[in-house]
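Protein chains in written order, with this note's numbering: chain X, 1 to 207; chain C, 208 to 414; chain W, 415 to 621; chain U, 622 to 828.
4 protein chains.
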Amino acid sequence: MTHRKAPDSSRRSEASRRAIYAAALALVGETGYAKTTIEGIAARAGVGKQTIYRWWPSKAAVLLDAFLDLVEQAADRAAEPAIPDTGDLEADLKLVLRATVDELNDPAYDAPARALAAESVVDARLAAEFVSRLLEPQLQLYVKRLTAARETGQIRAGTDPRIALELLVGPLAHRWLLRTLPLTHDYADALVDCALYGLAPRGAPRA
Amino acid sequence: MTHRKAPDSSRRSEASRRAIYAAALALVGETGYAKTTIEGIAARAGVGKQTIYRWWPSKAAVLLDAFLDLVEQAADRAAEPAIPDTGDLEADLKLVLRATVDELNDPAYDAPARALAAESVVDARLAAEFVSRLLEPQLQLYVKRLTAARETGQIRAGTDPRIALELLVGPLAHRWLLRTLPLTHDYADALVDCALYGLAPRGAPRA
Amino acid sequence: MTHRKAPDSSRRSEASRRAIYAAALALVGETGYAKTTIEGIAARAGVGKQTIYRWWPSKAAVLLDAFLDLVEQAADRAAEPAIPDTGDLEADLKLVLRATVDELNDPAYDAPARALAAESVVDARLAAEFVSRLLEPQLQLYVKRLTAARETGQIRAGTDPRIALELLVGPLAHRWLLRTLPLTHDYADALVDCALYGLAPRGAPRA
Amino acid sequence: MTHRKAPDSSRRSEASRRAIYAAALALVGETGYAKTTIEGIAARAGVGKQTIYRWWPSKAAVLLDAFLDLVEQAADRAAEPAIPDTGDLEADLKLVLRATVDELNDPAYDAPARALAAESVVDARLAAEFVSRLLEPQLQLYVKRLTAARETGQIRAGTDPRIALELLVGPLAHRWLLRTLPLTHDYADALVDCALYGLAPRGAPRA
DNA sequence: CGGTAAGCGAGACGGTACGTCATGTCTTAAC
DNA sequence: GTTAAGACATGACGTACCGTCTCGCTTACCG
């Protein structure tokens with residue numbers, strides 16, 4: 001086994017790490033992910049290339065850490081990690097989906113998030129990281145709220161919260177990723193309505 | 208304005224075009240999109256680089272044409288361009304979604320389709336092409352079937368077929384793109400059930 | 415056998431070749447061989463690095479060709495390829511050795527010649543090229559003149575012209591390479607005297 | 622003026638110094654001077670890089686000290702620091718030149734000596750050190766013996782011992798450095814003969 | 001005899017150059 | 001006039017060393 005010897009992370013330069021995050025996010029925002037190069041990040045951060053290669057295996061990995069850092073910084077400021085439970089599931093979901101729509105429309109998030117999503121589509125390794133560190137924690141909030149809703153009878157007894165959540169989030173992601181149609185609050189509301197009450201007429205018998 | 212002189216497409220070599228498609232699909236399948244290069248495609252196709260640059264603006268554009276060609280070949284063989292209408296919407300949708308699941312799980316389609324999707328996420332220009340030439344024709348089949356269903360009362364009167372379709376297709380795409388969970392027939396069925404009959408208990412009053 | 419495919423030299427850019435020679439000689443003269451880099455030569459010549467790597471295996475090989483070109487240009491202008499034969503061997507040799515001293519003291523020749531000599535000392539492959547293409551042709555002039563001298567009785571019958579030539583050229587090279595003492599016309603003269611008439615007193619019996 | 626503070630050599634680690642010498646000589650012998658790096662020497666010696674940079678200004682300086690140490694060790698064992706004076710100059714010189722030939726053909730000396738010579742050709746600073754510490758002491762032995770020879774009439778009265786010595790040593794160095802022809806005992810003998818008795822026929826009048 | 005300051009092994013750092021690869025443009029010869 | 005072939009300028013890749021620096025640690029000297 002010829003593992004490359006792991007660097008000693010206790011000696012790691014915090015200043016360089018932060019400069020690299022800032023440079024990566026700035027460049028992806030300004031010139032796009034494809035035109036962002038590791039050399040460019042290093043130059044912008046005032047850092048040697050090797051300092052990047054020492055700590056990250058790829059451009060995508062740098063950006064993932066940078067983006068996670070950005071998200072955590074924002075989360076620390078906002079500090080509201082759960083979906084509210086007012087008892088009115090429909091209202092609670094609309095609130096959250098509207099917030100998600102706003103976030104996806106925010107240019108500061110859009111560029112790096114798209115880049116990471118695109119890389120994940122094509123790179124299963126990165127996808128696993130992306131999902132487990134960024135996406136899944138968010139989805140678990142839905143799981144929690146929907147499980148609570150099931151217990152109080154707000155949603156049908158047999159429903160799998162995982163599938164329920166995807167019914168809400170999947171269409172949103174679809175529009176965002178492929179830009180088929182604009183992402184609006186109205187769309188978020190319509191999605192919640194359809195998902196909760198179904199496409200079939202209320203009176204229709206269950207098949 | 209110095210427009211590059213448009214090549215004379217009547218003199219274009221059909222053999223080269225087909226060889227390029229085959230080479231592009233083969234290389235993307237074998238080594239992945241990122242490692243596939245225009246030089247590599249040219250070499251594999253036994254073609255000069257310029258022949259590619261003359262007719263396509265980018266690697267992604269080559270692959271898009273190649274993939275469309277592949278899809279059309281397959282469609283010509285199968286020749287079943289519409290979603291069936293047996294009167295039983297639930298059954299019809301499950302049939303189609305199961306078929307879609309099978310297609311997405313087919314390695315011959317997976318690699319190029321992923322690559323095109325990923326590029327589209329990040330390149331709005333390509334996305335427009337990808338959507339209009341590949342995705343939208345497929346989605347229109349749903350629009351048609353759902354519109355018919357609305358007219359016969361199989362789905363609620365006010366429903367927007369576009370949103371209805373995304374409720375079905377969005378979650379599928381989500382799982383496929385980010386590989387969060389496996390894509391199975393059961394999942395397709397569950398999606399149709401949830402979408403048609405809603406998450407909320409049948410007895411619940413419409414909000 | 416995995417030979418790297420040989421490039422097609424009929425398509426080679428003459429302009430690039432000349433620019434590379436000029437850049438290489440200029441940089442070696444200005445900053446020294448050690449600080450001269452292939453990137454630097456390429457940049458100065460307005461040429462891609464690959465154009466250098468395509469045609470030469472190393473920095474030293476570039477410089478050798480550049481220097482040979484320089485020497486040939488100069489030789490074309492001077493066009494006096496042989497050691498004169500006035501019948502007076504001593505005078506002829508002093509003339510040539512003084513000219514060699516002047517050449518070695520000329521800064522335009524000194525820098526690249528030193529660099530090539532130094533590399534040759536350490537790289538046997540290069541040394542073979544250096545010797546056969548640059549040094550040996552010059553030494554053959556001595557061989558010719560000394561052989562003629564032997565036939566006319568100007569030097570002893572049994573003498574090996576090769577050794578005779580090294581007796582003259584070796585000490586010159588020694589002073590030049592290691593800069594032990596200055597290289598002057600007087601030194602050249604003294605060398606010829608010693609070599610021709612020997613260190614031992616004229617009257618001394620041959621051992 | 623910001624002189625770098627001189628390190629306290631009384632605290633210097635003798636073990637490290639010796640390990641560095643051994644590593645330097647070993648690496649130059651095994652992989653050649655060009656591929657020998659300071660990092661490599663440090664790693665092989667089990668020493669921090671700074672320990673090398675603290676005490677030596679360059680790779681060449683390390684190797685010079687290492688080689689001098691090697692030569693001194695050998696000299697301490699052999700302990701015969703002068704050219705013999707049996708009264709027969711020719712025999713004495715042949716003895717010494719043959720010994721020099723053997724030394725230059727010894728692989729243990731060849732690699733580092735070549736490297737130092739090559740660096741000296743190109744780096745005047747190092748050359749001065751190389752000459753004064755290694756070469757000159759050896760040449761002075763010739764000066765001494767040749768001066769004695771002049772006093773006893775074994776060589777011509779007006780002869781400069783410096784030039785005489787170079788007549789012997791220069792050609793040897795020439796063959797060794799550029800590997801033009803093999804270095805043999807016969808060659809050493811021929812050199813002494815030519816240098817002592819001259820190229821011109823014995824009967825020829827002095828010019 | 002305990003404090004402190006040096007040398008030390010280790011290795012992260014900002015850099016520079018390496019030699020390779022692919023880009024997109026250009027030129028040439030063959031058809 | 002398109003084609004296969006491939007040289008060209010450009011520029012990023014990922015690696016290797018450079019020489020400097022900062023960490024703890026040992027180790028001697030000195031107050």
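For glycine and all other residues, C-beta sits at the position ideal for the given N, C-alpha and C.
Compute the Euclidean distance between the alpha carbons of residue i and residue j, then round it to the nearest angstrom.
i	j	result
Ala399(W)	Leu812(U)	The structure shown does not extend to residue 399(W), since chain W is modelled only from 415 to 621, so the question has no answer here.
Ala645(U)	Gly653(U)	10 angstroms
Arg369(C)	Glu343(C)	11 angstroms
Leu168(X)	Pro107(X)	23 angstroms
Ser423(W)	Ala682(U)	43 angstroms
Thr86(X)	Leu95(X)	11 angstroms
Gly454(W)	Gln257(C)	31 angstroms
Leu817(U)	Thr773(U)	15 angstroms
Thr623(U)	Arg633(U)	Annotation note: pLDDT 43 at Thr623(U) (below 50); position unreliable, coordinate value reported separately. For Thr623(U) and Arg633(U), the distance between alpha carbons rounds to 23 angstroms.
Pro389(C)	Tyr228(C)	30 angstroms
Thr594(W)	Ile38(X)	50 angstroms
Leu553(W)	Lys59(X)	58 angstroms
Leu178(X)	Val278(C)	20 angstroms
Pro585(W)	Ala794(U)	9 angstroms
What is the DSSP secondary structure of residue i, reduced to helix, strand or coil?
i	result
Ala448(W)	coil
Gln257(C)	helix
Pro378(C)	helix
Ile155(X)	coil
Glu701(U)	coil
Leu333(C)	helix
Arg409(C)	coil
Thr416(W)	Residue placement at Thr416(W) is poorly supported in this model, since its pLDDT is 47, which falls under 50; the coordinates still yield a value, given next. Coil at Thr416(W), not helix or strand.
Gln186(X)	Reading the sequence as shown, one finds Asp at residue 186(X) and not Gln. Three-state DSSP puts Asp186(X) in a helix.
Ala207(X)	At Ala207(X), the pLDDT of 46 sits below 50, so the modelled position is not reliable; the number obtained from the coordinates is stated separately. Residue state, collapsed to three classes: coil.
Leu691(U)	helix
Trp263(C)	coil
Could one say the Cβ of residue i lies closer than 8 angstroms to chain C's Cβ atoms, at least one of them?
i	result
Tyr197(X)	yes
Ile41(X)	no
Asp160(X)	yes
Arg54(X)	no
Ala190(X)	yes
Cys194(X)	yes
CB-CB under 7 angstroms to residue i, same chain, minus the five flanking residues each way: which ones, in chain order?
i	result
Leu235(C)	Sequence inspection shows Val at residue 235(C); the Leu mentioned does not correspond to that position. Answer for Val235(C): Thr243, Leu270, Ala318, Pro319, Ala322, listed in chain order.
Leu689(U)	Arg754, Leu755
Ser534(W)	Leu540, Ala541, Phe544
Arg98(X)	His185, Ala188
Ala640(U)	Ala666, Gly667, Val668
Residues in the same chain with beta-carbon distance under 6 angstroms from residue i, minus the five sequence neighbours each way, listed in chain order, please.
i	result
Tyr730(U)	Glu724
Pro7(X)	Arg54
Ala371(C)	Leu353
With 8 angstroms set as the bound, which would you pick, yes or no: does the beta-carbon of residue i sit closer than that to a beta-carbon of chain X?
i	result
Ala267(C)	no
Ala315(C)	no
Val328(C)	yes
Ile245(C)	no
Counting only the same chain and skipping the five closest in sequence on each side, list residues whose C-beta sits under 8 angstroms from that of residue i.
i	result
Lys558(W)	Ala496, Ile497
Trp470(W)	Val476, Asp479
Arg638(U)	Trp676
Ala738(U)	Phe751, Leu798
Closer than 8 angstroms, CB to CB, is residue i near chain W or not?
i	result
Ala627(U)	no
Pro822(U)	yes
Please confirm whether residue i has its beta-carbon closer than 8 angstroms to some beta-carbon of chain U.
i	result
Ala538(W)	yes
Leu548(W)	no
Gly567(W)	yes
Ala529(W)	yes
Check your understanding: the stretch 787-804 of chain U: which residues have C-beta closer than 8 angstroms to a C-beta of chain W, in chain order?
Key -> Glu787, Leu788, Val790, Gly791, Pro792, Leu793, Ala794, His795, Arg796, Leu798, Leu799, Arg800, Thr801, Leu802
Check your understanding: Between the stretch 269-298 of chain C and chain X, which residues of the former have a C-beta closer than 7 angstroms to a C-beta of the latter?
Key -> Glu297
Review point. Which of the residues in the stretch 222-239 of chain C, read from start to end, lie with their CB under 9 angstroms from any CB of chain X?
Key: Gly239
Check your understanding: Which of the residues in the stretch 550-561 of chain W, read from start to end, lie with their CB under 7 angstroms from any CB of chain U?
Key -> none
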